[in-house]
Each structure stands twice: as C-alpha cells, then as structure tokens.
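Remarks on the structure that follows.
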Amino acid sequence: MTSMWKAALLAGAAWSSIAGVASAQQAPVADNSASVDAVVVTARRREENLKDVPVAVSAFSAAKLEQQGGTDITILSQTTPNITVQTARGSNSTLISYIRGVGQQDPLWGYEPGVGLYVDDVYIYRPQGAVLDIFDIERIEVLRGPQGTLYGRNTIGGAIKYVTKRLGDEAGAKIKATYGSYNQTDVLVSAQTPISDTGLSIGAAYALYKRDGYGSNLTTGADQYDKDVHAYRLSAEYKPTEDLFFRLAYDRVEDNSNPRHGHRELPALVGGYQVLDVYDTQAGLGDKNHVMTKGLSLTGQWNASEYVTLKSITASRRGHTQTMIDFDGTPLPTLDVPATYDDRSFSQELQAVYADENVQGVFGLYYMNSQASGEFDTIAGNLGVAIADGGKVNTQSFAAFFDFSANLTDKFKVSLGARATRDHKRANVFRFFYLGATPTPYQHGAPRPILQVRTNYDAQKTFEQFTPRISASYDLTDELTTYASFSKGYKSGGWDMRGDAFITPQTVNGYKPEVVKTYEAGLKGSLLDRRVSFSSAAFLSKYTDQQVTTQVVVPSGIASSVDNAGASTLYGVEFEANAKLSQHLSGNVALGYIHAKYDRFNRFVPAGAPNPLNPSTTLATGQVINVADLYGFQNTPEWTGNVSLTWRGDLVGGSLAITPMVSYRDDYQQFEQPLPLLDQKAFTLVDLTAIWTAPGGRYKLALTGKNLTNEKYRTGGYNFGVATYNNSVIGFYGPPRTIAGSIEVAF
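If you read the sequence shown in numbering that gives the first Met the number 0, its first letter stands for residue 0, the second for the next number, and so on.
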C-alpha cells in the first residue's frame, strides 16, 4: 500500500468518525463550562473564529503555551503538525523553520527564509535573533501552506504570527522568577499604566534568560550550550476616540551566549581527538558571540465607517551578529569559521478592511526596502589558506493584494484573493583566498595581500510573481464547516553568497525563484455539545524550481552551489483536536503525516567532485546530473504527533493544573542527502508542567520538567568527513532533561 493511500485512509477514517458523531449530535450546549473555548485568530488579517477560516491554522494562547512549558517558539515543533522550528546549527538564537517540507536551512545573508515570521504583523526579515522567547504575549498562530496572498514573499511554506499583549486601560505589573537545572535563572518583569483619562497608556517588559552550559569546551574552559539573553519591549497605545487607535512599539534583544561549536561524531585523523559527550567540544577557535536585533513599529487604525477600517503598519528593523563556528571541533585550525552578519529593513503596509453581513475582505499595499550583508572566513589549516566570503544584497519589494469572502447562501461561502509582487535585487559577492591559516583582514586578522580572487561580481535582477488564492467553504451544520482551497506561494531568486566562480562559473547568473502550488481540503468544527473542537486538512503540493544549497569537497576546497532542483511532490494530512473530557480533565491531540519526494533534481556537479551516481569515480568536467533518487527532504519527518492532558482541581484554596505532554517526531534527514551519522532517528519527548494559581490570580507557582527521559537527539550537523578537514562530522543536539520552578506575582 502506497503512502498516499495510507494518508487518504487516515484522513477518511478521521473524517468518517467525526461525521458519524456529528450526525448524532443534539442541539446546543447548555453548560458552557463543560465546552471548549472558541478560538479567535487573525490569519486573514481580520478577527475570525478559527472554525470559519479556510486555512490550516494552529493557535496557542499564552496560557496554553505556559501549560506546555514553552519558553521560546521552538516549542511549536512539539505541538504543531508537520512543522520544524529549531535553533540553527552553531547558534543560540538563529532560527531554522520548515512547514510541510518547505523552508530554508542556511541562514546566510542573501538567502530568503521559506517560512515567514511576523511580530504584530511586522515581517522579521532575517533569521538571526529570531528564536523568540515567549514573554508578554497574547498568542502565537501557525499558518500552514502558502500564504502568498495576504503575507506575500517568503511565506511559501507558511507563516508564524507572534502577537504581543495589548496594554489595555488598567494599571498593572507582573514579575516572574525562575530557577532550574544548569543554574537556569530567568527574570521577567512587565508593567503598564494609563496616563490619566487621555486615552494614552504606556508599558514596558524586560526578560533576562541565563543558564550554564549543558557541556563544556575542554580547550578553553567555556560553557557549551549556555544562555545569556536580554530582551526589552517598550510600547505606547493611544486611543483618542472609539474609532481611532495608535500603537508605538520598540523591541531589542541581545544574545551574548557562547557559540555552539558542535560535537564530533567521529574521531579525528590527526591529533587523537576522540568522540566526547554530545554537549562537549574541544574547539579552539574561541568563544566570542554577540547577536543584537532591534525594531521600531507604528500601527494606526481608523474605523472610518460601520463597514470600513483603515490600517497602517510602519516598521524599521536592524540586526548585527558577530559569531564563530569551529567545524572540526578540535584545537587545530582545520576548519574554523568566524562570521559577521548585518541587516536592516524598512517596511510600510496599508490595509483597507471591509466587513458587512455578506462580504468581508481586505485590500492592501506593501513596500519593503532591505539590505543584508556579511562576511565569513573559512580557515582551512591543512590547505594553508583562509578564504573570505562576503557581500551584500539590497532588496526593494512592492506588492498589491486583496482577499475577499462572500456569503453566496447561508451555508456556502467563497473567497478569492491575489497578490502581485515585484522584487528588485542588487548584489555584490566576493570570495578571496589569503595565504596562511589565520583570520583574514575582514575578521580583524593581519593585513596581507589577496592570494587569489575566486569570485568578485555585481549583479541585479527583478523578479515578478502573481500569487492567487481561492477557496470555498460549506457549513454542514452550525458546528461543522468543510472547505477546499488552492493557493500559490513564491520565494524570490538570488545569488549564492559563497559561490566560487572558479569552480562553478554559473554562480554569477544566480538562481531562479521557487514556487509552490497547494491544493487543500479540510473539515473543522466542534462535536458533542462543543466538548470537542477539531481541525483537519489534507493537502497536495507541487514544488517547482526548489532552491537547494549543496556543498561538496573538491581538491581546492569546498564548492558551494545553489541549484533550482526542478520539481517535487508533497502530500499529507493533519489533525488537531481539543476535548473537555470531564469537569476536571481536558486533552489535546495533534497528528501530522507528510510524504515528500523529488520528481526531478538537476544538480550541477563541478569538475573534480565525486560522481553522485558512481561515487568511486570523479568528474573530469562539470556536469548537470539528475540526482532525484539520491536526495530527500531535510527537516521533514514523515510523522509528527503530540498528546497532552490537563487536570484541573482545587488545592489550598487555589487552582492546580497538571499537564503531562508526549511529542513524537519520526526519523528525518539533516541534509538533502541521507547521512546515517547525522540523520536523526525517531524520538519521543516527555514533558510535565504543574501550575498552582492563588485565589484572585495574584500569585502563581509552577514546576516544569522538559525531556524527562533525557532523550539525546540531533537538531543539526555538518559533514566534512574527509582527510583534508580531519574527518570532521559535527552534530548539534537538543536540550537534555531539565527541571525548573518559578514564582509569579501580579500587582
């Protein structure tokens, strides 16, 4: 039986059982306390009940995230079907995210993410500093599938919406202190107050996250996998009338955690360096790491009439990263990479939202001007050289979009949307060889002449794309809605920032945009007098011109190439449910299945590299070879699942909630090509959270245990397992078992 038939049967079984229960339902709920709360989301840029949105959406309130023990947005990998959200290899705060097999593994400047991240509807342009800690928030929404109509560029896989807490019109303050394993010491403080009766409120929030390392650098003595993050938020809200609202917000995050140099999966060929504990290293490059991101946004909203609301979102963001990764994990300068990243962006969005009894929708204009730049050295000790890769990419993006829904009958609704995008990019790319295995002048090394210019060019291109979306939904009952949709997503083209024009001359031509077209059908609603709410979806995606970064070792170093892979097919199903099982017990279930396969993958293999179809031979000349049968999708487990229960009861006059949670991820590849030394086997995480809330909610005590079975699992890695690089195969690991207690006081 094929995987597609298995998926179809799974979806059919789930939907048939739901339909059977639905047909036996009686009328409405009499006791609201025994029902699941309705969920309101803004997936379509307007407030709607989750049941009425013809999109695969998961929503998590601040309270739900607290019950799950979530401290940053990587918790979404445990709780959401068909998604990977994790820290990038070698970093503490750089984000790697995939939804339904679509994402971007490489956080290098110039490469575009495949999943859009939004904070209060402001697009977070770069992944550095984007592993957002969860504090002072209202909710997080995850939109699966292409969101090219309303969210535009680089939401080809989906979007993550991080919604911060509004100030309101009452004064208040909160302080939360946490202490746990590895000397975890977190402090969160927030306060807000109205200014007289002027309609103005101001607020501030501060978060400190500190923790010793899970392991050590045995060469320098520094902690490995530690945490040292400071985050600030300032906001002001002004509501002079009932119809007018302004919000000014500033945020800043500084990460001074040590770099993560990784764990050797194989002994070194030179120096006798052995395999250590998974959190330890013997890296000799150093321990300097600093990541800073900051942003300022102004949101204005005017209820112009009973039916029309006008909205403006203006934002400016900047980021700077100084970091390093020792790819060989030894004191030797075999493969050391110090790096610098800088980015800035300005965006302006205008929206006109319309809503009456039969028609709802939005029309908008969007503009973004951004620049991403950087430089990294590759210090190759055995070759006696240091390689400087650097450059910058300037992007101007313009878009116009609309999305409208119309009630054709009391039960049948259609939605139509489209976005026209124009991206103009200008790039400078260079790659210089320097003699000597020490940092180049770009990384504050000794001044010296360039040994060889491998790449040095300027280029510019304009990319245009039309991304439509159409859907139809039908209310089977007052509590059940089914829908079908088609959507298209787009990620713009660009240039390989580490391309070597000497080895791969075509790198100067850049790579094309990639496109995903997705067909989706779903069923949402509630059952059993609203004691159960659920969402389900089945999807089929056609992925064309997928941008894939490959690196192969050749005699003169490492050859990088970004190929447009050709075509691939992805299909799967997703199911989520919340249930009120009794007066004291509730449960949550999430299940995802995906089958992802390349149909065609035409990859350029440079001269001197092994022939991928016959690895015992090398290519005398560069060739384009179809390697579809050799490659798979990275960061895309076939099955993902999550089950949690929450028991609530009275204790010592207050309320106690205990939530055990089990999450499962099937085995998956770290790279496009299978590599048993790095690919992650299927694993299960077990967590437990207990929260006691005092009468009136002023005091709160919590105890959280994460990864209670102490599972060792990889979140990334690098493969340079050849003699030139001292047999360097490096892995990066998720957190071990941790236990933390916290106390929270509200004023």
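Each residue gets a CB set at the ideal place from its N, CA and C atoms; glycine is no exception.
Ignore the nearest five residues each way along the sequence and tell me which others in residue i's own chain have a CB closer than 7 Å to its CB.
i	result
P611	V604, I624, V626 and L629
Q395	N368 and H423
P694	G652 and G653
T617	G607, A608, P609 and N610
Y237	G198, L199 and F245
A29	In this prediction, A29 scores a pLDDT of 42, lower than 50, which makes its location untrustworthy; no coordinate-derived value is stated.
R125	G318, D342 and A371
K287	Q321 and M323
D276	G214
Residue i by DSSP, collapsed to three states: which one?
i	result
A627	helix
A785	No answer is possible for residue 785: it lies beyond the span of the chain, which begins at 0 and ends at 746.
K751	This structure gives no information on residue 751, because the portion of the chain shown stretches from 0 to 746.
D499	coil
P507	Before going further, note that residue 507 is Val rather than Pro in the sequence given. The answer is helix: DSSP assigns V507 an H, G or I state.
P239	strand
Y178	strand
G733	coil
P694	helix
Y124	coil
Q669	coil
T723	helix
Y712	coil
Y542	strand
Y518	strand
V442	The question names Val, yet the displayed sequence has Gln at residue 442. Looking at Q442 - three-state DSSP - the assignment turns out to be helix.
S472	strand
E743	strand
Q300	strand
L612	coil
R421	strand
R529	coil
N577	strand
E305	coil
L131	coil
Among residues of its own chain, excluding the 5 on either side of residue i, which ones have a beta-carbon nearer than 6 Å to its beta-carbon?
i	result
G294	D250 and R316
A426	V392, A458 and W494
R468	T148, G416 and S486
Y518	F485 and L539
T86	V130
L580	G586
T760	Shown here, the chain extends from 0 to 746; a query on residue 760 therefore has no answer.
G648	H583 and L655
S92	G128, V130, D254 and V290
F375	V336, A338 and D388
A204	D135, S189 and R232
Buried or exposed: where does residue i fall if 16 or more other Cβ atoms within 10 Å of its Cβ makes it buried?
i	result
K705	buried
Q273	exposed
Y178	exposed
R99	buried
Q451	exposed
G167	exposed
Y306	exposed
T366	Note that residue 366 is Tyr in the sequence shown here, rather than Thr. Looking at its Cβ environment, which holds fewer than 16 other Cβ atoms inside 10 Å, Y366 is exposed.
S304	exposed
I615	The sequence as given places Ser at residue 615; Ile does not occur at that position. Answer is exposed; the Cβ neighbour count stays below 16.
K680	exposed
S195	exposed
P145	buried
Under 7 Å between C-beta atoms, does residue i make it to chain B?
i	result
S741	In the structure shown, chain B does not exist; there is a single protein chain.
Who are the near neighbours of residue i in its chain, counting only those whose CB is closer than 8 Å to its CB and skipping five residues on each side?
i	result
A471	P53, F411, K412, V413, S414, Y482, A483 and S484
Within the present structure, is the beta-carbon of residue i separated from the nearest heavy atom of the ligand MG by less than 6 Å?
i	result
S296	The model on display carries no ligand, and the ligand MG is accordingly not part of it.
Checklist line | Whole runs of the beta strand (DSSP E) within the segment 331-416, excluding any shorter than 3 residues | finding: Restricting attention to beta strand (DSSP E) runs no shorter than 3 residues, the segment 331-416 encloses them at 335-354, 358-379 and 384-406, ordered along the chain.
Next item on the list: Evaluate contact between the segment 368-380 and the segment 317-337, counting only Cβ atoms and requiring at least three cross-stretch pairs below 8 Å.
Entry: These segments touch.
Next item on the list: Ignoring anything shorter than 4 residues or poking outside the segment 44-109, list the alpha helix (DSSP H) runs there in chain order.
Entry: Within the segment 44-109, the complete alpha helix (DSSP H) runs of at least 4 residues are 61-66 and 75-78.
Item checked: the segment 47-59 touching the segment 463-483, judged by at least three CB pairs closer than 8 Å -> Three or more beta-carbon pairs separated by less than 8 Å link the segment 47-59 to the segment 463-483, which places the two stretches in contact.
Checklist line | Within the segment 214-288, ranges of the beta strand (DSSP E) (whole runs, at least 3 residues) | finding: If only uninterrupted beta strand (DSSP E) runs of at least 3 residues are considered, those enclosed by the segment 214-288 are 226-240 and 243-254.
Checklist line | Any 3 or more C-beta pairs closer than 8 Å across the segment 725-744 and the segment 258-271 | finding: Counting Cβ pairs under 8 Å, three or more are found: they touch.
Item checked: Stretch-stretch touch, CB-based, cutoff 8 Å, three pairs: the segment 100-110 with the segment 173-190 -> Between the segment 100-110 and the segment 173-190, the count of Cβ pairs shorter than 8 Å is below three; the stretches do not touch.
Note to self: Below 8 Å, how does it come out for the segment 38-47 and the segment 357-371: are there three or more Cβ pairs, yes or no?
What the structure shows: Flag = yes, the segment 38-47 and the segment 357-371 touch.
Check: Any chance the segment 435-443 sits against the segment 507-517, with 3 or more Cβ pairs inside 8 Å?
Finding: Contact between the segment 435-443 and the segment 507-517 is absent, because fewer than three Cβ pairs lie under 8 Å.
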